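Enquirer: Before I ask anything, here is the structure I am working with.
2 protein chains.
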Amino acid sequence: MDKKKPLILVSNDDGITAPGIRSLVSVAKEFGEVVVVAPDSPQSGMGHAITINKPLRLDKSDYFGDEVLAYQCSGTPADCVKLALDKVLPRRPDLLVSGINHGSNSSVNVIYSGTMSAAMEGAIDGLQAVGFSLLDYSMDADFSAARDVARKVIANVLDHKLPADTLLNVNIPKLKTDELKGIKVCRQAKAKWVEEFDQREDPYGRNYFWLTGEFVNMDHGEDTDEWALKHGYASVVPVQFDLTAHHAMGTINNWDLNAEAE
Amino acid sequence: MDKKKPLILVSNDDGITAPGIRSLVSVAKEFGEVVVVAPDSPQSGMGHAITINKPLRLDKSDYFGDEVLAYQCSGTPADCVKLALDKVLPRRPDLLVSGINHGSNSSVNVIYSGTMSAAMEGAIDGLQAVGFSLLDYSMDADFSAARDVARKVIANVLDHKLPADTLLNVNIPKLKTDELKGIKVCRQAKAKWVEEFDQREDPYGRNYFWLTGEFVNMDHGEDTDEWALKHGYASVVPVQFDLTAHHAMGTINNWDLNAEAE
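Just so you know, the protein sequences line up as chains A and B, in that order. Okay, so the first sequence: first residue is 1 according to the working numbering, each after it adds one. Okay, so the second sequence: first residue is 263 according to the working numbering, each after it adds one.
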């Protein structure tokens, strides 16, 4: 008895023409029927933005050939997923994959990541969802090892199903397939960006600022995504969208929030 | 012996001219020296977006009078905080407050919220940080009760200090001060938006889509922010930026991620 072919929604934040999404579509096609709804232009750094003050455009695309129904959308990655669920997909998808991003979304980058926001949007809606990112910003990046990791992760997610209210943040180091040591389940490293804005003057004498920054890992744990990636492993971090700091509730419950301020 | 006057950074996502930030500045001034860096236009729904593909503008504003150093910035709420820390503030601030947002950021809305992204950006950098939101979208909203709540929360944060890597998401119901029952420490309710895009046709025969949606609370707990707000309380949710679903790691560690895919 054949199981029904899985329906897989693919999105990203680098835009529908980025090489990374082509790699992910090629892997997803091995597992089921693929539908793409992706931004019509790069959306990196968009975090979990949604578009509420202007309307969205959604245009059919033949970018992935006849086998893959594809649309490009004028909105953010989260918009793409919302539109796909409401207007494009014939039924609830069995899996949502986002990426493969050109550049890392490890550690605290998950917060700023459009790739992960597409996956999170799906997870909030109850879908199985995974975001993939390769630690190589180049448009000529070699996605072979990333495809191999994506294949293994997708096989496991379809097979085992993710725990409730959990999605995966998968990052792959910039290595050849035979150099990759394996795939490690990790926690998010405690790290931050230390900003230094590059201040310049325009031709009219007014200042403007470019965001630049240095990534600083403050976490010496060997169970983090940063450790895994630095040591030749792909990292898999289970991610939640309940942001409650449950461990802090006791402390704050002891404050005098209901006393009259002096 | 006088303590040094606290330095308080104020930002928001409704833009520097929104009534809500004026309310928050007026309360913050009771506690210390206030510096404002806020977006020059509304940024609602921007999530944790940052601006990496274009430069930012930062212009001095006299909007809050002589006592308050204020700048308007062309970027997102997270950009505002990054710029404030690198280019505006004379020293590390003792507190970052964001808002008061015109509209709820309770429950899963924390994910989409520019107000909370400003606070989270500060928290990632190690600052004491709180986001405030009033459940009233109107520009004529009555901020009296919200100011009272903000006063109590700010007093407590300055006094007790937040647990490490924790910020606060404070929401205030649309009630008069004497109707407010109190302030409750809560967890984030499990809820989601069910989207229905409003599809229209432009004068040229092409479709466009407006995002509309219905908020659905799937959480019957009486310890959630949704419960508190519905029952006349302001809600205080401690929020973390470690998104690791620690409870899911055991399960996923039992998967066959390193077996060869068939």
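We put the beta carbon where it would ideally sit given N, CA and C, even for glycine. Nothing here was measured: the structure is a model prediction, and the numbers come from that model.
Given a threshold of 16 other Cβ atoms within 10 Å of its Cβ, counted over all protein chains shown, does Gly-307 of chain B qualify as buried or as exposed?
Expert: Position 45 of the second sequence, counted from the first residue, corresponds to residue 307 of chain B. By the 10 Å Cβ count, Gly-307 of chain B comes out buried.
Enquirer: Just confirm the distance between the C-beta atoms of Val-299 of chain B and Leu-286 of chain B, as a whole number of angstroms; I'd bet it's less than 8 angstroms.
Expert: Against the second sequence, residue 299 of chain B aligns to sequence position 37. Against the second sequence, residue 286 of chain B aligns to sequence position 24. Actually they are not in contact, since the Cβ atoms of Val-299 of chain B and Leu-286 of chain B sit about 13 angstroms apart, beyond 8 angstroms.
Enquirer: Should Lys-267 of chain B go down as buried or exposed, given a rule of 16 or more other Cβ atoms within 10 Å for buried?
Expert: Sequence index remark: in the second sequence, residue 267 of chain B carries index 5 (1-based). Per the 10 Å Cβ criterion, exposed.
Enquirer: For a contact meaning CB atoms closer than 8 angstroms, what does Gln-72 of chain A contact in chain B?
Expert: Within the first sequence, the letter at position 72 stands for residue 72 of chain A. Per Cβ cutoff of 8 angstroms: no residues; Gln-72 of chain A is ~13 angstroms from chain B at best.
Enquirer: Could you check which residue in A:Lys-152, A:Asn-109, A:Ala-259 has the C-alpha nearest to that of Leu-505 of chain B?
Expert: The residue labelled residue 505 of chain B in the question sits at position 243 within the second sequence. Measuring from the Cα of Leu-505 of chain B, the nearest candidate turns out to be A:Asn-109.
Enquirer: Listed in chain order, which residues of the stretch 112-130 of chain A have Cβ atoms closer than 9 angstroms to some Cβ of chain B?
Expert: Those would be Tyr-112, Ser-113, Gly-114, Met-116, Ser-117, Met-120, Glu-121, Ile-124, Asp-125, Gly-126, in chain order.
Enquirer: Should the stretch 409-421 of chain B be called in touch with the stretch 77-84 of chain A, which here means at least 3 C-beta pairs below 8 angstroms?
Expert: Touching, no.
Enquirer: If you reduce the DSSP assignment to three classes, tell me which class Asp-321 of chain B lands in.
Expert: Taking the first residue of the second sequence as 1, we reach residue 321 of chain B at position 59. If DSSP states are grouped into helix, strand and coil, Asp-321 of chain B belongs with the strands.
Enquirer: Can you give, in chain order, each stretch of the alpha helix (DSSP H) that sits fully within the stretch 110-149 of chain A and has at least 4 residues?
Expert: Within the stretch 110-149 of chain A, the complete alpha helix (DSSP H) runs of at least 4 residues are 114-124.
Enquirer: What runs of the alpha helix (DSSP H), each 4 residues or longer, lie entirely inside the stretch 330-366 of chain B?
Expert: Listed in chain order, the complete alpha helix (DSSP H) runs (minimum 4 residues) inside the stretch 330-366 of chain B are 339-345.
Enquirer: Helix, strand or coil for Gly-327 of chain B per DSSP?
Expert: Within the second sequence, numbered from 1, the residue matching residue 327 of chain B stands at position 65. Here Gly-327 of chain B sits in coil by DSSP.
Enquirer: Closest by CA to Phe-31 of chain A, which one among A:Leu-96, A:Asp-140, A:Leu-134?
Expert: Your numbering for residue 31 of chain A matches position 31 in the first sequence. Of the candidates A:Leu-96, A:Asp-140, A:Leu-134, the one whose C-alpha sits nearest the C-alpha of Phe-31 of chain A is A:Leu-96.
Enquirer: With DSSP as the reference, label Asp-275 of chain B as helix, strand or coil.
Expert: Taking the second sequence and counting its residues from 1, one reaches residue 275 of chain B at position 13. The answer is coil: DSSP assigns Asp-275 of chain B none of H, G, I, E or B.
Enquirer: So, is Asn-101 of chain A buried or exposed, given that buried needs 16 or more other C-beta atoms within 10 angstroms?
Expert: Numbered from 1 along the first sequence, position 101 holds the residue referred to as residue 101 of chain A. Asn-101 of chain A should be labelled buried.
Enquirer: Glu-441 of chain B: buried (16+ other C-beta within 10 angstroms of its C-beta) or exposed?
Expert: As a first step, residue 441 of chain B is located in the second sequence; it is residue number 179 there, counting from the start. By the neighbour-count rule (16 or more Cβ atoms within 10 Å), Glu-441 of chain B is not buried but exposed.
Enquirer: Identify every run of the beta strand (DSSP E) within the stretch 471-509 of chain B, keeping only runs that are complete inside it and at least 3 residues long; order them along the chain.
Expert: Taking only runs of at least 3 residues, the beta strand (DSSP E) segments lying wholly in the stretch 471-509 of chain B are 475-479, 495-502.
Enquirer: Taking the alpha carbon of Asp-485 of chain B as the point to measure from, which residue in B:Ser-400, B:Val-456, B:Arg-449, B:Gln-461 has its own alpha carbon closest?
Expert: Locating residue 485 of chain B in the second sequence gives position 223, where the first residue counts as 1. Closest option to Asp-485 of chain B, Cα to Cα, is B:Arg-449.
Enquirer: Could you tell me the distance, in whole angstroms, from the CA atom of Tyr-63 of chain A to the CA atom of Ala-70 of chain A?
Expert: Residue 63 of chain A sits at position 63 when you count from the first residue of the first sequence. Residue 70 of chain A sits at position 70 when you count from the first residue of the first sequence. C-alpha separation (whole angstroms): 7 angstroms.
Enquirer: Are the stretch 236-256 of chain A and the stretch 156-172 of chain A touching by the rule of at least three beta carbon pairs closer than 8 angstroms?
Expert: The stretch 236-256 of chain A, when compared against the stretch 156-172 of chain A, does touch it at the 8 angstroms Cβ threshold.
Enquirer: Would you list the one or two residues that DSSP bridges to Gln-461 of chain B?
Expert: In the second sequence, the residue the question calls residue 461 of chain B occupies position 199. B:Phe-471.
Enquirer: Within the same chain, show all residues whose beta-carbon is closer than 6 angstroms to that of Glu-295 of chain B, passing over the 5 residues directly before and after it, in chain order.
Expert: As a first step, residue 295 of chain B must be located in the second sequence, where it is residue number 33. Cβ neighbours of Glu-295 of chain B beyond the five flanking positions: Lys-267, Leu-269.
Enquirer: Measure from the C-beta of Glu-196 of chain A to each C-beta in chain B and report whether the shortest distance is under 8 angstroms.
Expert: Counting from one through the first sequence, the residue named residue 196 of chain A turns up at place 196. Yes, Glu-196 of chain A counts as interfacial toward chain B.
Enquirer: Leaving aside the five residues before and after Ala-525 of chain B along the sequence, list all residues of the same chain whose C-beta is less than 7 angstroms from its C-beta, in chain order.
Expert: In the structure as shown, chain B starts at 263 and stops at 524, and residue 525 of chain B therefore has no counterpart that could be examined.
Enquirer: To be precise: take each residue of the stretch 347-366 of chain B, compare its Cβ to all Cβ atoms of chain A, and keep it if any distance is under 9 angstroms. Which residues remain?
Expert: Answer in chain order: Leu-347, Asp-348, Lys-349.
Enquirer: Can a CB atom of chain B be found closer than 8 angstroms to the CB of Ile-16 of chain A?
Expert: Translated into the one-based positions of the first sequence, residue 16 of chain A becomes position 16. Taking Cβ atoms only, chain B never reaches closer than 8 angstroms to Ile-16 of chain A, which makes this a no.
Enquirer: Who are the near neighbours of Tyr-399 of chain B in its chain, counting only those whose CB is closer than 7 angstroms to its CB and skipping five residues on each side?
Expert: Locating residue 399 of chain B in the second sequence gives position 137, where the first residue counts as 1. So the qualifying residues of the chain are His-364, Gly-365.
Enquirer: Along the alpha helix (DSSP H) that carries Thr-251 of chain A, what are the first and last residues, could you check?
Expert: Counting from one through the first sequence, the residue named residue 251 of chain A turns up at place 251. From DSSP, the alpha helix (DSSP H) with Thr-251 of chain A extends over 249-253.
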